[in-house]
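If you read the sequence shown in UniProt numbering, its first letter stands for residue 1, the second for the next number, and so on.
C-beta: ideal position from N, C-alpha, C; glycine also.
Because the structure is a prediction, the values reported are computed rather than measured.
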Amino acid sequence: MVQYAEPAPLLRRPVLVAAFAGWNDAGECATSALETMDREIDARTFAEVDPEEFFDFQVARPTISDGSGGSRRLDWPRNRFAWAALPGTDRDVVLLEGTEPNLRWKTFTNGVLELAERLDVELVVTLGALQVDVPHTRPTPLSGSATDPDLAERIGLRRSGYEGPTGITGVLNHACGQAGLPSVSLWAGVPHYLAGAAYAAGALTLVEAVADLLGAEFPLDDLVHEASAQREEIAGLVDDDDDLARYVSELEERSDGDDAEERDPGELPQPEVSGDELAAEFERYLRDRDS
Numbered sequence: 001m002v003q004y005a006e007p008a009p010l011l012r013r014p015v016l017v018a019a020f021a022g023w024n025d026a027g028e029c030a031t032s033a034l035e036t037m038d039r040e041i042d043a044r045t046f047a048e049v050d051p052e053e054f055f056d057f058q059v060a061r062p063t064i065s066d067g068s069g070g071s072r073r074l075d076w077p078r079n080r081f082a083w084a085a086l087p088g089t090d091r092d093v094v095l096l097e098g099t100e101p102n103l104r105w106k107t108f109t110n111g112v113l114e115l116a117e118r119l120d121v122e123l124v125v126t127l128g129a130l131q132v133d134v135p136h137t138r139p140t141p142l143s144g145s146a147t148d149p150d151l152a153e154r155i156g157l158r159r160s161g162y163e164g165p166t167g168i169t170g171v172l173n174h175a176c177g178q179a180g181l182p183s184v185s186l187w188a189g190v191p192h193y194l195a196g197a198a199y200a201a202g203a204l205t206l207v208e209a210v211a212d213l214l215g216a217e218f219p220l221d222d223l224v225h226e227a228s229a230q231r232e233e234i235a236g237l238v239d240d241d242d243d244l245a246r247y248v249s250e251l252e253e254r255s256d257g258d259d260a261e262e263r264d265p266g267e268l269p270q271p272e273v274s275g276d277e278l279a280a281e282f283e284r285y286l287r288d289r290d291s
């Protein structure tokens, strides 16, 4: 299942951090957070998962593009392992940059656990993002769970009460618990009207949560700047539309209400103004800006 491009590295008290594109990744926050860490610590790829076993290519189609020297490049759905020293610590990190598979989830998670055992991984951290009813003008909510309740309390996780369908991150964390491997699941809450676009503030929240959990130091100036610039763009869009401004104001009132702490972060509101209008307007705005 796992194909090694080079011998498995000898690592110092490694931790595995994983994020998957797809159902678990509202606003592309989880994958953007992992890509930020990957880029800033210059992680080195050492293994990949063979996609043939785990993807329906009529659903997750490979993409073709122009490569170097006039050649054509074919890219398959990817699950890639890379490693690097974890800055500010005396340990190493393994990054699993993935795409949620279509098939054979049990086999897939067992393969990840076999790699973790081979590398003597001490902790698995999965990143995810879900749609919530908090406006972009408020801090990104962070929820999650840990196999060790003391660890969850130490990092201030707000435990989600969600029950229902899960993604590959939920399956992987459950498998870690069954195998006795400590794991933490971190989830950023993305305003549901922004879930269709890359949401930098959510990615920043996840990277900061990983840094706090592991005592690491990631250079985040670029991501901080991106989140700030995007917030200003969204504010400009909302200010130009009275209906959208009223909708965001409703969300702010709900978020700041006395019962805010009691609500499940995944519970969506039923506002007078449809959030679909804001989502469609924001997507149109992004297309116009890119043009």
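Only buried fits D133, as 16 or more other CB atoms lie within 10 angstroms of its CB. CA-CA distance, D148 to V224, rounds to 31 Å. Assigned with DSSP and collapsed to three states, R118 falls in helix. Beta-bridge annotation (DSSP): W83 is paired with R44, V94. DSSP, read as helix, strand or coil, puts L213 in helix. Look at L206 here: in three-state DSSP terms it is helix.
Counting along the chain, S249 sits inside the alpha helix (DSSP H) bounded by residues 242-256. Secondary structure of S71 (DSSP, three-state): coil. Between V125 and V210 a beta carbon distance of about 6 Å is seen, short of the 8 Å cut, so the two are scored as contacting. Taking 9 Å as the cut-off, the beta carbon of L130 is found no closer than this to the beta carbon of W83.
Under a 10 Å Cβ-count criterion, F108 is classified as buried, with 16 or more other Cβ atoms of the shown protein chains found around its own Cβ.
Segment contact: the segment 227-244 against the segment 165-172, fewer than three CB-CB distances shorter than 8 Å; contact not assigned. If one requires a minimum length of 3 residues, the beta strand (DSSP E) runs lying completely within the segment 156-199 are 183-191, in chain order. In the DSSP assignment, D25 forms a beta bridge with A129.
Only residues of its own chain outside the window of five on either side were considered, and among them E226, A227, Q230 have a CB closer than 6 Å to the CB of A200, listed in chain order.
In the DSSP secondary-structure assignment, Q3 is bridged to E48. Nearest in C-alpha terms to E40, of all of L123, S183, L86, is L86. In the DSSP assignment, L223 falls within the alpha helix (DSSP H) that extends over 221-239.
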